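Trainee: Once you've had a glance at the structure underneath, I'll fire off some questions.
Here's what the structure looks like:
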């Protein structure tokens, strides 16, 4: 299993998970739990358009952050 953690918009800790050709992004709540940003299971090798996929993930992260915070940072 491969996991990559990073901060998104100085607001959420995001984790990218990869295992056995399955991958996905989630918002980290604590050491044990996270909230998935996807409705379906995604195949790493089956993902053809990574730009579109990552824009979709970025949009899902942004919609969970208050507009007031994004505006204050100049991101909206």
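Residue numbers (the working numbering): 9 to 84. Backbone N, C-alpha and C fix where the C-beta goes; we use that ideal spot for every residue, glycine too. All figures in this text were calculated on a predicted structure; none of them were measured in a lab.
1) Which partner residues of residue 50 appear in the DSSP bridge assignment?
2) In the DSSP assignment, find the beta strand (DSSP E) that holds residue 11 and state where it starts and stops.
3) Can at least three beta-carbon pairs, one atom from the region 72-80 and one from the region 48-55, be found at a separation below 8 Å?
4) Go ahead and label residue 14 buried or exposed: buried means 16 or more other beta carbons lie within 10 angstroms of its beta carbon, across all protein chains shown.
5) Just the Cα atoms here: how many angstroms apart are residue 41 and residue 82?
Mentor: Taking the coordinates as given:
1) 31
2) 10-16
3) no
4) exposed
5) Near 30 Å, if we compare the C-alpha coordinates of residue 82 and residue 41.
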